[in-house]
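**Student:**
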Amino acid sequence: MPAEQRRLITSAIDSAEEQLLQLRGVHSGPTADVALRLLRGLGHSAGLIENAWKRTALAAVNGGVPLQEVARWVDMPVEVLREMLTADGRESGG
Numbered sequence: 408m409p410a411e412q413r414r415l416i417t418s419a420i421d422s423a424e425e426q427l428l429q430l431r432g433v434h435s436g437p438t439a440d441v442a443l444r445l446l447r448g449l450g451h452s453a454g455l456i457e458n459a460w461k462r463t464a465l466a467a468v469n470g471g472v473p474l475q476e477v478a479r480w481v482d483m484p485v486e487v488l489r490e491m492l493t494a495d496g497r498e499s500g501g
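Just so we're aligned, residue 408 is where the sequence shown starts under my numbering, counting upward by one.
1. DSSP on residue 434, reduced to helix/strand/coil?
2. Please check the pair residue 419 and residue 455, which I expect to be a contact at CB under 8 Å, by giving their CB distance rounded to whole angstroms.
3. Quick check on residue 491: does DSSP put it in helix, strand or coil?
4. Between which two residues does the alpha helix (DSSP H) carrying residue 477 extend?
5. Given residue 434, which residues of its chain have a CB within under 6 Å of its CB, disregarding the five upstream and five downstream residues?
6. Beta carbon of residue 464, beta carbon of residue 481: below 8 Å?
7. If you draw a straight line from the alpha carbon of residue 457 to that of residue 489, how long is it in whole angstroms?
Spelled out as C-alpha cells, the structure:
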C-alpha cells in the first residue's frame, strides 16, 4: 500500500479515536454531532481500506497469482471477486 494511502488511513483512524473520546465525555459537544462526525470519518476510512485491498488484489492477479488464491486470501467467492475487480476496471476507464 502506498505511503500516502497509509497516512490517510492512519489520519482517519486517529480522528475517529479522538471523536470516540468526545463521545465518552472527555470533550464537550452534543453526542449526535460527535457520532455523525465519527460515522463520516469511519465511512471515509472504510472506503480507503476497500480501495487499498482491491488494488492489492488486482496487483496480485496481474502479477500472476491465480484468482482462486487471491479469493481465498480475502475470504470471498471467486466469482464475486472477479466481478468486483472487473467492475472497478470499467468504472476507472480501464
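In this text, a Cβ means the ideal position worked out from N, Cα and C, and glycines have one as well.
**Tutor:** Result, derived from the coordinates:
1. Against the sequence shown, residue 434 aligns to sequence position 27. Its pLDDT being 48, under 50, residue 434 is placed unreliably in this model, and the coordinates cannot settle the point.
2. Translated into the one-based positions of the sequence shown, residue 419 becomes position 12. Translated into the one-based positions of the sequence shown, residue 455 becomes position 48. Confirmed, Cβ separation roughly 7 Å.
3. Working through the sequence shown from its first residue, we reach residue 491 at position 84. Reduced to three states, the DSSP call for residue 491 is helix.
4. Walking along the sequence shown from the start, residue 477 turns up at place 70. Counting along the chain, the unbroken alpha helix (DSSP H) around residue 477 starts and ends at 474 to 480.
5. Mapped onto the sequence shown, residue 434 falls at position 27. In this prediction, residue 434 scores a pLDDT of 48, lower than 50, which makes its location untrustworthy; no coordinate-derived value is stated.
6. The residue labelled residue 464 in the question sits at position 57 within the sequence shown. The residue labelled residue 481 in the question sits at position 74 within the sequence shown. The answer is yes: Cβ separation under 8 Å.
7. Here residue 457 refers to the residue found at position 50 of the sequence shown. Here residue 489 refers to the residue found at position 82 of the sequence shown. If you take the alpha carbons of residue 457 and residue 489, they lie about 15 Å apart.
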